[in-house]
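Let me begin by presenting the structure, written as structure tokens, before commenting on it.
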């Protein structure tokens, strides 16, 4: 039951009853949402202001007519015109009670919707170079992308989780060279890792495996051939390490797409460039020098250029390097055309802070290769600063100079890692303080939410002890007399529960899973607050042995709270423990 969606329908139906000439496109702009100031009511709509001008009327005049219609609605306690033409509603108590009934009936499905209508969405995230284990710099994007994919699936989209493997280019050759050194080390040589190579000891097992398979025979091969053999072994092992690292955070992808498949004769890059030429989107030209470049830094030469400016980019983009090889952007265009040809008209790319310059160029690429049919949202995850008690925190560095994802998970756990990284907008930098994350206090958001969930279970245990024989099975809770819940504190908690479906839908549309983290934290705070009120006012206690019917009604409220917290934590990929140690 989504009260906001319900009243959106009622408002548009009321408008059509008076003005049947109104079109669907115009009515789609009508929204029902919480008023900015809760003192103004439970719901507010902009309906009158949306339709007033096309109707040739004053917004307050249209609003006044709608108010008269809703005065007869039994679910509305009061309704009034505010400001230039907003309409504010206060809900009648019975419809709030229906929210609890809906939660008891829908359970895990409460908040789910068909918002996405089954539309296919490709969410590409992590896509780290396969040159070593996952480090902390990858972790935020991994968690964000995974939570976003879950949020969109929960909202009715057909989601594919994709990882783009950068398994070509110079960094893979260096990886092969580094692995070949470890191979020589495994054969007994003393080695030195040159600057620019990968120094982490995660390549030691690769060297040993090569030694076990090839003995000393790789030393007899031409170095280029030996490097390629070592590269393939290292890439395979690194991808297994990456998958294992991600699994520690319960992150699993549906598709691992190899960049290498784009290259070569007849590959996607070549066919994409041929198609772009046919469409007149590629030309030979000279780019202006980038900002900040002096003439001696800039090589002015004719290049193969993509008309990116025609699709909203700041400049046209080069597709072929001076040595004849393709640029990274050429591969990007081909890759996103590949996505489009696989049937994805909606794409989300989750990238790190150092890729903020990619937003416009990727948008231009998708518009071009789909001829405007597809869209892409590039979400940038800003940097995370590791702290302990407010001071920079250096952890173990088994991978050279990198702090590993596995180090972070080992230090604080998967739940805390995921929740804390989602408890802030993705485009805002953040501090990750290990001391705070490990505290069992209200200052630790993940503990605060999980404690609320565990506390809800403790209420049921207490009820079993203090009201012997009370049936609080699921059927009993579903039929509880929730009409007995009439205190301001109880109704305020129900109002927050009623906001859950709208919160989910709004977060899915905006691609902002942090809204889910914020919501469950607010719900936990409200629940803890109600608990505290019960300590001060015994009439508000959840369990009242002298009044089993009221106790059961309040248990239905508690059950609704724990259900919605579980639903929210499920989207975030965080566990909901019934007890905390």
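Residue numbers (my numbering): 896 to 1476.
We put the CB at the ideal spot given by N, CA and C, even for glycine.
Note that the coordinates shown come from a computational prediction; the quantities given were computed from them, not determined experimentally.
Cβ neighbour criterion (16 or more within 10 Å) applied to residue i
i, result
"residue 1266", "exposed"
"residue 1275", "buried"
"residue 1398", "buried"
"residue 1249", "exposed"
"residue 1090", "exposed"
"residue 1454", "buried"
"residue 1321", "buried"
"residue 983", "buried"
"residue 1433", "exposed"
"residue 1332", "buried"
"residue 1034", "buried"
"residue 1147", "exposed"
"residue 1264", "buried"
"residue 1323", "exposed"
First through last residue of the alpha helix (DSSP H) which encompasses residue i
i, result
"residue 1103", "1099 to 1109"
"residue 1331", "1329 to 1332"
"residue 1171", "1163 to 1173"
"residue 948", "942 to 950"
"residue 1072", "1065 to 1081"
"residue 985", "Looking at the DSSP string, residue 985 is not in any alpha helix (DSSP H); the run it does join, the beta strand (DSSP E), is 981 to 986."
"residue 1424", "1409 to 1431"
"residue 1386", "1383 to 1393"
"residue 1231", "1223 to 1236"
"residue 1379", "Unbroken run through residue 1379: none, as it is neither H nor E."
"residue 1441", "Taken as a continuous stretch (DSSP letters only), residue 1441 belongs to no alpha helix (DSSP H), as it is neither H nor E."
"residue 1316", "1309 to 1317"
Distance between residue j and residue i (C-alpha atoms, nearest Å)
i, j, result
"residue 1318", "residue 1412", "6 Å"
"residue 1084", "residue 1167", "47 Å"
"residue 1025", "residue 1348", "39 Å"
"residue 1303", "residue 1410", "24 Å"
"residue 1459", "residue 1180", "58 Å"
"residue 1482", "residue 1073", "One cannot answer for residue 1482 here, as it falls past the ends of the chain, which runs 896 to 1476."
"residue 1170", "residue 1197", "21 Å"
"residue 1269", "residue 1415", "33 Å"
"residue 1144", "residue 1042", "11 Å"
"residue 1379", "residue 1390", "16 Å"
"residue 1076", "residue 1105", "11 Å"
"residue 1294", "residue 1224", "For residue 1294, the pLDDT reaches just 47, beneath the cut-off of 50, and the residue's location in the model is therefore unreliable, although a value from the coordinates is still provided. If you take the alpha carbons of residue 1294 and residue 1224, they lie about 30 Å apart."
"residue 1447", "residue 1011", "37 Å"
"residue 1093", "residue 1117", "22 Å"
"residue 1282", "residue 1064", "35 Å"
"residue 992", "residue 1396", "16 Å"
"residue 1298", "residue 1061", "21 Å"
"residue 1287", "residue 1329", "10 Å"
"residue 1114", "residue 1079", "8 Å"
"residue 1134", "residue 1101", "12 Å"
"residue 924", "residue 1216", "47 Å"
"residue 1137", "residue 1401", "32 Å"
"residue 1279", "residue 1222", "30 Å"
"residue 958", "residue 922", "15 Å"
Span of the beta strand (DSSP E) around residue i
i, result
"residue 977", "971 to 977"
"residue 1047", "Taken as a continuous stretch (DSSP letters only), residue 1047 belongs to no beta strand (DSSP E), being part of the alpha helix (DSSP H) at 1031 to 1049."
"residue 1180", "1177 to 1180"
"residue 1283", "1279 to 1283"
Chain C within 9 Å of residue i, Cβ atoms only
i, result
"residue 906", "Within the model displayed, chain C is absent; a lone protein chain is all it includes."
For residue i: DSSP bridge partner residues
i, result
"residue 1198", "1180"
"residue 1053", "1015"
"residue 1244", "1019 and 1273"
"residue 1299", "1030"
"residue 1059", "1152"
Inter-stretch contact at 8 Å, needing at least 3 Cβ pairs: the region 1114 to 1126 / the region 1067 to 1084: yes
Decide yes or no for the touch test of the region 1464 to 1472 against the region 1306 to 1318: beta carbon pairs closer than 8 Å, at least 3 of them. yes
Counting pairs of Cβ atoms below 8 Å between the region 1006 to 1023 and the region 1045 to 1061, do you hit three or more? yes
For the region 897 to 916 and the region 931 to 947, state whether three or more C-beta atom pairs, one from each stretch, are separated by less than 8 Å. yes
Are the region 960 to 971 and the region 1353 to 1371 touching, with three or more C-beta to C-beta distances below 8 Å? no
The region 1028 to 1043 touching the region 1317 to 1332, judged by at least three CB pairs closer than 8 Å: yes
At least 3 beta-carbon pairs within less than 8 Å: the region 1227 to 1234 vs the region 1242 to 1257: yes
Contact between the region 1418 to 1428 and the region 1340 to 1359 (3+ Cβ pairs under 8 Å): yes
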